[in-house]
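Written below as structure tokens is the structure these notes are about.
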Amino acid sequence: MNLLLLLGIPLLTGLLVLLVSTKVQVRWVSFVGATAQLIASFLLFFAFRTEIADQNTAQFLFEVDYTLIESFNIHFHLGVDGISVAMILLTSFVVVAGILVSWNIEKMTKEFYFLLILLSLGAYGFFLSLDLFVLFFFLEMAVIPKYLLIGIWGSGKKDYSANKLALMLMGGSALILVGMLGLYFIGGHEFNIVHLSKLTISTDYQHLIFPFLFLGFGVFTALFPFHTWVPDGHSSAPTAGSMFLAGISMKLGGYGCLRVAIYLLPEGAKEYAHIIIVLSSIAILYGAFVTMMQKDLKYMNAYSSISHVGFSLLAMAMLTQTAITGALMQMISHGLMTALFFAVIGMIYDRTHTRMVDEMGGLMKTMPFITTVFFLVGFCSLGLPGLSGFVAEMTVFVGSWQVDDWFHRAATIAAIMSIVVTAVYILRAIGSTAMGPIKNPSFATLKDATWNEKLAAVILLIGIIGIGIAPSWLSNLLKPAAEIITNRIMGK
Amino acid sequence: MNEFFHLMKTELIVTIIIFLLLFIKLGKDIKNEQLLPFIQFVLLVNFIASFFYNVDGSLFGDMFYTNSLIAFEKSILSLGVYLISLLSTDWLKKTSHLPEFFILMLSALLGMCLLLSSGNLLIFYLSLELATIPIAAMSNFDLIKKRSSEAAMKMILSSAFSSGILLFGISLIYGITGTIVFAELPKLADGSSLFIMAFVFLFSSFAFKLSIVPFHLWTADVYEGSPIAVTSFLSVVSKAAIAFVLLTVLSGVFQPLQDIWYVLIVVLSVASMLIGNLFALRQENIKRFLAFSSIAQVGFILVGVSGNSNIGISSVVYFMLIYMVSNLAAFGVASVISEQTGKENISDYKGLYKNNPLLGWVLALALFSLAGIPPTAGFFGKLYLLTTGGAKGSYLFISIAALNMIISLFYYLRVVRAVFIDKNDQPIEKLTIQLPVKLALFVCSVSIVLLGIMGWIFDHIESLH
Amino acid sequence: MPNVLNILLIPLLPFVNFLLLGLFGKTYLKKSAPIIGTVLMLASAFLAFQTAYEYFFVYGKVGEVYQQLMPLKLTWLVFAPGMQIDMGLMIDPISVMMLIVVTFISLMVHLYSLGYMKGDGRIATYYSFLGLFTFSMLGLVLATNIFQMYIFWELVGVSSFLLIGYYYDKPSAVAACKKAFIVTRFADFGFLIGILTFAYCGGSFDIPTLISALTSPDSNELKTAIGYSFVGVSAISWGAILIFIGGAGKSAMFPLHIWLPDAMEGPTPVSALIHAATMVVAGVYLVARLFPIFSIAAPAVLEIVGWVGVISAVIAAIIACTQTDIKRVLAYSTMSQIGFMMFALGVAKYGGEAGLGFTASLFHLFTHAIFKALLFLGAGAVIHYVHSNEMKDMGGLRKNMPITHTCFLIACLAIAGVPPFAGFFSKEEILLAAFHHNRVIYYIALFTSGLTAFYMFRLYFSIFWNREHSAHDSAHQDHARHGEGGWVMMLPLVLLAIGSAVAGFVPFGHFISSDNQILELPFHLLFSIAPVLIGITGITIALIMYKTSNDLPAKWSAQLNGMYQLAYHKFYIDELYLLLTKKVIFNLIGNASAWIDQHIVNAMINAAGTITQQFSEAIKKLQSGKVQQYGIYFFTSVIIIVVVLIYVWN
Amino acid sequence: MEPGIYHLLFISTALFFIGVFGFFTRRNLITMLMSIELILNSVNLNFIAFNKYVWPGKMDGLFFSIFIIAIAAAEAAVAIAIIINLYRSHQSINVETAEDLKF
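Residue numbers (my numbering), protein chains in the order written: chain A, 660 to 1151; chain B, 572 to 1036; chain C, 19 to 668; chain D, 54 to 156.
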């Protein structure tokens, strides 16, 4: 499996989108491109499984390595382990769904799809790269498409949101940049993650650099208190924008925290784990409570994302193998779930032209499909067994519970407590939108989902239910990679 | 003799063109429409010629020397001039003194080429003046505009004052060491207070030309008042030339003082980034806006300079190349709009994308490159500068530089927002873009996209040392 | 040996029903949905009875001890070595007993719903939810792994949520389903931490492994678990308490019972199935499943279980006496009866004669499921007939609904503990166990069983006797058109009535005991006198008060004004919760968090931007436009730099 | 008294500061230009003094000052041309009339 294929397909799709003329062509080109990428991701997944089954014990498979700039020792170095494979699968699911739900965008269609594809290209590149420089390149590349997506196609106070998002993410990447350069010099002019992971970096340096990297990626993944771009950004973004933002983009941060900050600087991680745990416990509970008070569905899901992403940060900071596996599963699960959530909110908004919970009601009568999906995704969010959220959260909890001192236990209990609050706000959202009497007579004539919306929802549901019913394939995919990380933390 | 032609090739070509234009001027009037393509062609030839027959060596008792890096730098300058001649087509066709304009610009270019090759302080001073005085005259080229003459006045007075300071510094250096030859100075330079003072006097003149804070105050006024062609020349070609010379002078001549100038560069770099960014935040006029943004960019260049290494020099040269294409693209768009509608304010750009998608994309691409957003080349340029600057291990410095990228992103996005997002009842109508302008914009855009990704370009510059 | 496929099909058939009707019920299977659901359930029930027969009489017993068999165990998710979720089938006496209860009641409800839900537009959805519920409940019962149990536990909760909210356009139903879910969710929070604690102590999620690790006196796990304590309570006790909180939530034990009465907003057959017979006893089943751990490793917790059970029983009984909504009366009665089962467990010990409470509890579970389902289905028939839940709209129905009347009477006698109906036997054993173990609990329980008889017959008389309707006759004629609901509704009633009458004669101790050995249930005639007398007293008082319409009830309630109001308002527990959630959680925590987010965290980020802008505005005067000033700045800077470099830095 | 290097340097330094002061305070553009010429002349004096007293064997200083004179002339020519043009548009050669470009 040549990994360049995974970058080539989106690149080609993007170029084709620019070349074709009509809106219909743009849509179909993007859709076909995204589907091809989905197939390629599955091919990668199966190829990866075959390699593993063939006892290939290399840390990264299918490596591709070209020298980019010799003077700086920058390499275009790609490779995948279980984590990357899972993340790429997640991305391709969300991309296909995102393209499908945007089918009716009439304003500047070509630009819209081009930016979506550019954004996805950034994500794919990020998950594939094994060179810090290239990784950073792809990370930053995904920032501006987000800005434009929100700014041009957004709603509400989109100027403010787009600016805030771009600037805060830029702030995050500035921190990453500093940390990355620090690593580069300490490691003897080395950007290669594999090489850097073999180095013994002195504890002092690790303590110095770790905050830069972790906070930097933390901003991307809405680490408290750098989460404030999330609610505004999500609520202003167009549907596909929110889906990409929450489903993919926030995962870049989580992946970076793990792959770069924790993996390369284990001593730093140990030093700051307590602080991370405190911050993410706050994020989990506080995010949940703030969600409870929201009236706007998008704000609701944005804050709940803060809370849910907090689980993965919390689990990472527990530094045990199970917890890290759980963190990754939570990232995947949350990516699918939140993308679907935003998709559904978008579908509802397209019809009712409101996102205010208390203005809706009884939608189940007029749009059974959409509300059923809404129920399912809500249940996923509150951790119902059979859906991906449960599996991920349980892995997080079990992993966190393994660390036996009162501090970690208290944090875990706080995290578990949030599932009650989650139930409160999810049921509130579902109860007052889908159930109850129809409040607005004009809602009585609304139409249910169109084929593209149905397809998008089904694709994401396949992911959610697939993980929820048979989680072990995902767990087995992630576990060896998580083990390598924990081994480095343990100093093995 | 053969050596003379080889080594001074660029200078000679430029001189020949200047004389050619003088003769044309003497002869009967040729319409601008006919003359301009010819000049553009000649400048293209000049640019292409700069790649061939480059040899290392020196002339006139080391007063003039050249090597492959200098030759490359000269090619960059020639490219800049060529692109400006293309981008300003609209304005140049209207101007009543076309040959004079190019005579002045090429004189300045000649000065810069000599400056790059100068081997002692006398040649250095002469070529610096040659590179400055014509620009002051060029600033006044919109003869009837009040602002143009104000800009020219500020330019000439400030630069005369700064060259006075420079000369005072040179005289002190001469008094201390007894020599004005670059090659001899490092041996004779002592760390005495007087020498440091002389160095600062000398350095201030560089800082003035590069518009480093706090010597930058003329920049914005002159940029705003001058015709866009001049502004772009000033901000791109002139700045590049001075930056290149600064590199050689600091790491060559003042190597013994490197501990001192490192501190100076770091402080001024931070100041430039901060002040440039803070002022750029509020600007309405696109030229003034780009003036302050270029001040901030200079702060970044100084990060690379502070690295004081070969790879640092390469990064600066590389960055200047990227900065040039990016800035020229931005100025090119501004020039098209300004010439056809007279609008120069950012608020006038609202809704530009609606009728002029090409201009919108090019401007956005240019601004993203200036802001250092991948996949544009500016990202690579800035990152290399930071990487070389970070070699000294000053995390605070690098952090401030990185944080400044956030502020700068804010105001670049302001323009992008105006172009793409903001609504406007009367957006700029569809503009006609002349072929040469289109060509230049195309070249700039392609360079912005490809210069960074094609890593071998950097390696090529690195191999020139 | 057990037939794996057969056992596997018991939960899977309802699941197939769920999938089939959930996906295609609205389109292709609109007409046939109820029939499909019922047939699949019938098959499942058949397999369950077959399994039960084979287990109890063919292969289950090896040398007088019932074996715990796990014919199927699939690894579902591995967290860490040893810590894994398995999906399996556990066959032992209590699970097989529960299989019978669940499938039988579920079948009855499926059948009954054919008539009850006829003409409902979403009947396919209804049947698919029933399928989901039955599947989850069976999965819970068959769980081999405590995490598997938790999974199905949650699924049961969600299907309960869906079914309570089945009439989703009724605001009260929406509120009720939310309440039910959230309250049980809160309890599950305890359950989950309990599971984690148990697993931490025992090193596994597998129930038999856990039990053996935490009960054998010489196991290291047990020693550490007892040694490791938090605020003076050992880890194992914490785990047991937390797990019991989970069970108490699902089983509507005080003070987590508030959701159960509201849950009556669901369709009545659903209440019969979920909120009377099966789901609500999951808490009892949970404690019974982990009984050895409770009994051996955490006996103090078992004491708590007993007290919580008996308190719930008496409180619920008192409230039930004052309620006027017949379903609510039944709901409180359910809560009260589950309280009986709970405290029966609380007064039991592991093994031998001391395990009487255990057997009694499950015996009561068994009989209660039958007669309570009957009561609900009967009430459903009544509601179906009069289109109201309120007692005041009923009365004198015995002539209109003879079959229902008879069946209802049998059920009332059963629950009141009148011999020889089923309730008598099981309650007898419970009281006996309590008598031997804890007299205080015994007396309270005795009092409660009197109350039970009273409120049940209050209900019975109010519905079927009391006023003889003359004024409402015309209305009744109107109702009478659909009569008692046809044979599909009456057949389950009759079957259940037979069950209620004879279930007590099952030699329950032969099948179920705490240590899986045969336990001869003791029966003392002398001992039964007190409970039976007290039951008859209750019935008599009800007879006097409610047989005919008179002003006695009003007079008595006026006399007991304070007490009556307290009970009528359910001891203001709902209001207390409302205060807690509205005032404390929403206002104090939620609003505060939202405020902090907007005005502190967000404001800080915005301030960074504003300050930069303002600073930029403040320094704009530097660029004055005066070329001479530029010169001054220039020259001054040069001088300053020179001075600094020479004097400060050098 | 024979004038020594210190006298010359004193004069040149004084000239330099007079020039600087004049540049900062004079409002007339021509006078400002003259002030700059003063600065340049002080530099010339410096070069000559250094050449004569410190480095008598070298001619660099002398040549340098000759070039400075030449360049100063060129500079003045351009500057005056610009000032004339400024006068045309602003009707004044007072520096304060040309302060439109600011902030």
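Where a beta carbon is used, it is the ideal one built from N, C-alpha and C, also for glycine.
Please report the distance separating the alpha-carbon of Gly667 of chain A from that of Ala706 of chain A. Here residue 667 of chain A refers to the residue found at position 8 of the first sequence. Here residue 706 of chain A refers to the residue found at position 47 of the first sequence. Distance from the CA atom of Gly667 of chain A to the CA atom of Ala706 of chain A, rounded to whole angstroms, is 18 Å.
Apart from the five residues on each side of it in sequence, which residues of its chain come closer than 6 Å, Cβ to Cβ, to Gly651 of chain B? On the second sequence, residue 651 of chain B is found 80 positions in, with the first residue counted as 1. Result list for Gly651 of chain B: Val807, Val808, Met895, in chain order.
Assigned secondary structure, Glu722 of chain A (DSSP; H/G/I helix, E/B strand, else coil): Here the question's residue 722 of chain A lines up with position 63 in the first sequence. Note: Glu722 of chain A maps to strand in three-state DSSP.
Determine the chain D residues that contact Ile650 of chain C at a beta-carbon separation under 7 Å, and present them in chain order. What you label residue 650 of chain C is simply residue 632 of the third sequence in a count that begins at 1. What Ile650 of chain C touches in chain D: Phe77.
Show which residues of chain D have a CB atom less than 8 Å away from the CB atom of Ile751 of chain B. By 1-based counting over the second sequence, the position of residue 751 of chain B is 180. Per Cβ cutoff of 8 Å: Asp113, Phe117.
For the segment 672-700 of chain B, which segments carrying the alpha helix (DSSP H) assignment without a break, of at least 4 residues, lie completely within its bounds, in sequence order? none
Less than 8 Å between the beta carbons of Ala821 of chain A and Gly813 of chain A, yes or no? Counting from one through the first sequence, the residue named residue 821 of chain A turns up at place 162. Counting from one through the first sequence, the residue named residue 813 of chain A turns up at place 154. Yes, these two residues count as a Cβ contact at 8 Å.
Can you pull the DSSP bridge partners for His734 of chain A? Translated into the one-based positions of the first sequence, residue 734 of chain A becomes position 75. Paired residue(s): A:Thr726.
Taking DSSP's pairing of strands, which residues face Tyr84 of chain C in a bridge? The sequence position of residue 84 of chain C within the third sequence is 66, counting from 1. Its beta-bridge partners are C:Lys79.
Please go through the same chain and pick out, in chain order, the residues whose beta-carbon is closer than 8 Å to the beta-carbon of Leu47 of chain C, but skip the five residues on each side of it. Within the third sequence, numbered from 1, the residue matching residue 47 of chain C stands at position 29. Closer than 8 Å at Cβ, skipping near neighbours: Leu38, Leu39, Ile54, Ala142.
Members of the segment 650-667 of chain C that neighbour chain B once the beta carbon cut-off is set at 7 Å: Tyr651, Phe652, Ser655, Val656, Ile659, Val660, Leu663, Ile664, Trp667
Of the residues that make up the segment 757-771 of chain B, which ones have a beta carbon closer than 8 Å to any beta carbon in chain C? Gly762, Ser764, Ile767, Met768, Val771
I want to verify the contact list: residues of chain C whose CB lies under 7 Å from the CB of Val131 of chain D, in sequence order. For the purposes of this step, residue 131 of chain D is taken as the residue at position 78 of the fourth sequence. For the C-beta of Val131 of chain D, not a single chain C residue is nearer than 7 Å; the gap to the nearest is close to 16 Å.
How far does the beta strand (DSSP E) with Gln102 of chain C in it extend, from its first residue to its last? As a first step, residue 102 of chain C is located in the third sequence; it is residue number 84 there, counting from the start. Element bounds for Gln102 of chain C: 101-109.
From the DSSP secondary-structure annotation, give me the bridge partner or partners of Ala198 of chain C. On the third sequence, position 180 is the one that residue 198 of chain C refers to. Answer is none; Ala198 of chain C lacks a bridge partner.
Of the listed residues C:Cys219, C:Pro438, C:Arg476, C:Leu232, nearest to Met412 of chain C (C-alpha basis): Stepping through the third sequence from its first residue, residue 412 of chain C is reached at position 394. Nearest option by C-alpha distance: C:Arg476.
Where does Lys580 of chain B sit, in a helix, a strand or coil, going by DSSP? As a position in the second sequence, residue 580 of chain B is number 9, starting the count at 1. Here Lys580 of chain B sits in helix by DSSP.
Looking at the unbroken alpha helix (DSSP H) that takes in Gly157 of chain C, where does it start and where does it end? Mapped onto the third sequence, residue 157 of chain C falls at position 139. Counting along the chain, Gly157 of chain C sits inside the alpha helix (DSSP H) bounded by residues 141-160.
Please confirm whether Ala731 of chain B has its beta-carbon closer than 8 Å to some beta-carbon of chain C. Position 160 of the second sequence, counted from the start, is the residue given in the question as residue 731 of chain B. It does not; no Cβ of chain C falls within 8 Å.
DSSP three-state call for Lys858 of chain B: helix, strand or coil? The count along the second sequence starts at 1 and reaches residue 858 of chain B at position 287. Helix at Lys858 of chain B.
Tell me, please, whether the segment 661-674 of chain B touches the segment 906-925 of chain B by the rule of three or more beta-carbon pairs shorter than 8 Å. yes
Can you grab the Cα-Cα spacing for the pair Leu714 of chain B / Ser720 of chain B, in whole Å? Within the second sequence, the letter at position 143 stands for residue 714 of chain B. Within the second sequence, the letter at position 149 stands for residue 720 of chain B. When rounded, the distance between both Cα atoms is 7 Å.
Looking at Phe151 of chain C: is its Cβ nearer than 8 Å to the Cβ of Ala161 of chain C? The sequence position of residue 151 of chain C within the third sequence is 133, counting from 1. The sequence position of residue 161 of chain C within the third sequence is 143, counting from 1. Not a contact, by the Cβ cut-off of 8 Å.
If we count Cβ pairs, one from each stretch, closer than 8 Å, do we get three or more for the segment 942-958 of chain A versus the segment 1096-1109 of chain A? no
So, does the CB of Gln632 of chain C fall closer than 8 Å to a CB anywhere in chain B? Translated into positions along the third sequence, residue 632 of chain C becomes position 614. Chain B contact via Cβ: absent.
Taking 8 Å as the CB-CB cut-off, is Gly657 of chain A touching chain B? Only positions 660 to 1151 of chain A appear in this structure, which leaves residue 657 of chain A out of reach.
So for Thr45 of chain C, helix, strand or coil by DSSP? What you label residue 45 of chain C is simply residue 27 of the third sequence in a count that begins at 1. Correct three-state label for Thr45 of chain C: coil.
Just checking: is the beta-carbon of Lys638 of chain C within a distance shorter than 8 Å of some beta-carbon in chain B? As a working mapping, residue 638 of chain C is identified with position 620 in the third sequence. Yes, Lys638 of chain C lies at the interface with chain B (some Cβ there is under 8 Å from its Cβ).
What residue range is occupied by the uninterrupted beta strand (DSSP E) comprising Ser963 of chain A? Within the first sequence, residue 963 of chain A is the residue found at index 304, counting from 1. Where Ser963 of chain A is concerned, there is no enclosing beta strand (DSSP E), although the alpha helix (DSSP H) around it starts and stops at 956-977.
Outcome for Leu570 of chain C when other beta-carbon atoms lying within 10 angstroms are tallied against a minimum of 16: Against the third sequence, residue 570 of chain C aligns to sequence position 552. The residue is exposed, with fewer than 16 neighbouring Cβ atoms inside 10 Å.
Closer than 7 Å by C-beta to Lys725 of chain B: which residues in its own chain qualify, once you throw out the five before and the five after it? Chain order, please. Start at 1 with the first residue of the second sequence, and residue 725 of chain B comes out as number 154. Hits under 7 Å: Trp789, Asp792, Val793.
For the candidate residues A:Val1117, A:Val1080, A:Lys1106, whose alpha-carbon lies nearest to that of Val1036 of chain A? Translated into the one-based positions of the first sequence, residue 1036 of chain A becomes position 377. That would be A:Val1117, whose Cα lies nearest to the Cα of Val1036 of chain A.
What are the uninterrupted segments assigned as beta strand (DSSP E) that are 3 or more residues long and contained completely in the segment 834-912 of chain B, given in chain order? Within the segment 834-912 of chain B, no complete beta strand (DSSP E) run reaches 3 residues.
Which residue's Cα is closest to the Cα of Gly649 of chain C: B:Asn879, B:Phe786, B:Tyr966? Residue 649 of chain C sits at position 631 when you count from the first residue of the third sequence. Nearest option by C-alpha distance: B:Phe786.
For the segment 970-994 of chain B, which residues have a beta carbon sitting closer than 7 Å to at least one beta carbon of chain A? Cβ contacts with chain A come from Ser970, Ala973, Leu974, Met976, Ile977, Leu980, Phe981, Leu984, Arg988, Phe991, Ile992.
Among A:Gly913, A:Ser971, A:Ala1073, which residue has its Cα nearest to the Cα of Leu872 of chain A? Locating residue 872 of chain A in the first sequence gives position 213, counting from the first residue. If we check each option's Cα against that of Leu872 of chain A, A:Gly913 comes out closest.
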